[in-house]
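These notes are about the structure you will find just below.
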């Protein structure tokens, strides 16, 4: 079930709790699955059972950061239960301002899902093939989150190797935009690190499936697992105003390795 924290967040956002999946599939036209990637298939299986029990027909849109192979597997689960499936992926932060977040979609059911444009979503169709929406997310997140993992690793290394101040000065001189990005984004990473582990593994699997090395993103998964094992992972996204600054975070990471 949901934690007390997420129950409060849902209530504050005006989201109605229908209590059971059977009620959900009977009352909803479209279901958006948005959760940690590692649970995407399990949830789809539970929803498929509810669909079978009720003979309901819904459009199930998996919006999670999963590989094309995983989304195709989930498509089979949902369609075999008698409902329709749409591959979707989300790029951008939670949609607090218009145009900040895109929903890429592919597969049958595009017309119905595109109706959500009128409720403030930015829908970007990619055609009828299941897997394309997931593929663009895998490639995009490989850069954004993969880069974040690399930045955490190299900054922690520089601290342990006693060159952190010199490296920071060099970054500010030759890579000012990247350094500002690190200062801006790293404080918020610990609160998200645990759910990013599964996402990095999905990207690694995606790349391996087409003959590319999975090792870079497997390494990113290891880094986010490391961050998730520190006390900083107990921070919550809504605590943003009290996050430690980047330098303090890197010091804490280095202390975990230096003990």
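Residue numbers (the UniProt record's numbering): 1 to 259. We put the CB at the ideal spot given by N, CA and C, even for glycine.
Bridge partners for residue 91 per DSSP, in chain order?
Counting from one through the chain shown, the residue named residue 91 turns up at place 91. Residue pairing for residue 91: DSSP places it in a beta bridge opposite 102.
Give the secondary structure of residue 84 by DSSP, where H, G and I count as helix, E and B as strand, and everything else as coil.
Numbered from its first residue, the chain shown carries residue 84 at position 84. In the structure shown, residue 84 sits in a strand (DSSP, three-state: E or B).
From the DSSP output, which residues share a beta bridge with residue 125?
Here residue 125 refers to the residue found at position 125 when the chain shown is read from its first residue. Beta-bridge pairing links residue 125 to 105.
Compare the beta carbon distance of residue 59 and residue 113 with 8 angstroms and say whether it is the shorter of the two.
Residue numbering aside, residue 59 sits at position 59 when the chain shown is read from its first letter. Residue numbering aside, residue 113 sits at position 113 when the chain shown is read from its first letter. Yes.
Going by beta-carbon coordinates alone, are residue 176 and residue 249 separated by less than 8 angstroms?
Walking along the chain shown from the start, residue 176 turns up at place 176. Walking along the chain shown from the start, residue 249 turns up at place 249. Going by C-beta atoms, residue 176 is not nearer than 8 angstroms to residue 249.
Suppose only complete runs of 4+ residues qualify. What are the alpha helix (DSSP H) ranges in the stretch 157 to 214, listed by chain order?
Counting whole runs of 4 or more residues, the stretch 157 to 214 contains the alpha helix (DSSP H) stretches 164 to 174, 176 to 185 and 193 to 209.
Quick one: measure Cβ to Cβ for residue 67 and residue 87, integer angstroms, because I've assumed they're closer than 8 angstroms.
The residue labelled residue 67 in the question sits at position 67 within the chain shown. The residue labelled residue 87 in the question sits at position 87 within the chain shown. About 11 angstroms separates the two Cβ atoms, so there is no contact after all.
Taking the beta carbon of residue 237 as the centre, do at least 16 other beta carbons fall within 10 Å, making it buried, or is it exposed?
On the chain shown, residue 237 is found 237 positions in, with the first residue counted as 1. Residue 237 should be labelled exposed.
On the criterion of 16 or more Cβ atoms from any shown chain inside 10 Å, does residue 132 qualify as buried, or is it exposed?
Within the chain shown, residue 132 is the residue found at index 132, counting from 1. Per the 10 Å Cβ criterion, buried.
Strictly by DSSP, which residues pair up with residue 31?
Against the chain shown, residue 31 aligns to sequence position 31. Per DSSP, 60.
Can you tell me the Cα-Cα spacing of residue 130 and residue 49, whole angstroms?
For the purposes of this step, residue 130 is taken as the residue at position 130 of the chain shown. For the purposes of this step, residue 49 is taken as the residue at position 49 of the chain shown. Using only the alpha carbons, I get a separation of about 22 angstroms.
What are the uninterrupted segments assigned as alpha helix (DSSP H) that are 4 or more residues long and contained completely in the stretch 219 to 257, given in chain order?
The DSSP assignment places 246 to 257 as complete runs of the alpha helix (DSSP H) inside the stretch 219 to 257, in order along the chain (cut-off: 4 residues).
If residue 224 sits next to residue 235, beta carbons under 8 angstroms apart, how far is it from one beta carbon to the other, in whole angstroms?
Taking the first residue of the chain shown as 1, we reach residue 224 at position 224. Taking the first residue of the chain shown as 1, we reach residue 235 at position 235. About 14 angstroms separates the two Cβ atoms, so there is no contact after all.
Only counting the same chain, and skipping five residues up and downstream in sequence, which positions put a Cβ closer than 8 angstroms to that of residue 192?
Against the chain shown, residue 192 aligns to sequence position 192. Counting only Cβ-Cβ distances below 8 angstroms, and skipping sequence neighbours, we find 237.
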